[in-house]
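Asks: Have a look at the structure that comes next, please.
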Amino acid sequence: HTGTHTPAGHSRAPSEMGEDDDGDDEYDDEGDDEEEEDELCKQRDDLMDTILEEEEQLITAHRLQIEETMDTVRKEMALLTEVDQPGSAIDQYVEKLDAILRQKMDGILELKSKLDRFKEHLKQEEIMSATIGPTPKGKLLR
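The following block contains the structure:
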């Protein structure tokens, strides 16, 4: 059997070879590697855009969380002042405290979710950069 092997492992008879085929068995995957690297670079660029956007959103959400926390502390102090008064209704105190604690937990969980997503994207970018090289200078984070 005197044919040439194709990349898939199938044989071709000499009559099926093109005029410019030199009989070299090597498969030219340099173009595929370049396309794959271009795709990875595009994915990393998209991820960097996402990271930059999420960074701003995270910082804004953190600022809002601090403002809400300060507002909540004022409400809690007023609630404690109220409950310290003689004849105050403990059931109202319990209801208000429950609502405040739920609000605090919801705010913290929402911010933590944004932070976790951001950290995961940073980790993905780090892995991609290790695979395809450093980030271009125009795309650096702060």
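Per the working numbering, residue 36 is the first one in the sequence shown, and the count goes up by one each step.
Beta carbons are placed, not taken as given, at the ideal position from N, Cα and C, and that holds for glycine.
Since the structure is predicted, the reported quantities are computational estimates derived from the model, not experimental observations.
With H, G and I counted as helix, E and B as strand and the rest as coil, what does DSSP make of glycine 142?
Replies: Glycine 142 falls in the helix class under three-state DSSP.
Asks: Verify whether the separation of the beta carbon atoms of threonine 107 and isoleucine 135 is less than 9 Å.
Replies: For threonine 107 and isoleucine 135, yes; Cβs fall inside 9 Å.
Asks: Specify the secondary structure class of alanine 1 as computed by DSSP and reduced to three states.
Replies: Since the first and last residues shown for the chain are 36 and 177, residue 1 lies out of range.
Asks: How is aspartate 67 classed by DSSP in three states: helix, strand or coil?
Replies: Note: aspartate 67 maps to helix in three-state DSSP.
Asks: Is there contact here, the stretch 154 to 169 with the stretch 97 to 111, by at least three beta-carbon pairs under 8 Å?
Replies: They do not touch, by the three-pair rule.
Asks: Here's the rule I'm using: 16 or more other beta-carbon atoms within 10 Å means buried, otherwise exposed. How should arginine 79 be labelled?
Replies: Label assigned to arginine 79: buried.
Asks: Taking 9 Å as the cut-off, decide whether the C-beta atoms of lysine 131 and leucine 114 are in contact.
Replies: It is a contact, given that the beta carbons lie within the stated cut-off.
Asks: So, for valine 180: in the same chain, excluding its five sequence neighbours on each side, which residues have a beta-carbon less than 6 Å away from its beta-carbon?
Replies: Residue 180 lies beyond the residue range present for the chain, which begins at 36 and ends at 177; the question has no answer from this structure.
Asks: Measuring CA to CA, which of Gly168, His156 and Ala165 is closest to isoleucine 86?
Replies: The option with the nearest alpha carbon to isoleucine 86 is His156.
Asks: Let me confirm a value: methionine 105 is counted as buried when at least 16 other C-beta atoms fall within 10 Å, else exposed. Which label applies?
Replies: It counts as exposed.
Asks: Can the beta-carbon of glutamate 89 be found less than 9 Å from the beta-carbon of lysine 147?
Replies: Taking 9 Å as the Cβ cut-off, glutamate 89 and lysine 147 do not qualify as a contacting pair.
Asks: So what does DSSP say about alanine 124, is it helix, strand or coil?
Replies: Coil, per DSSP.
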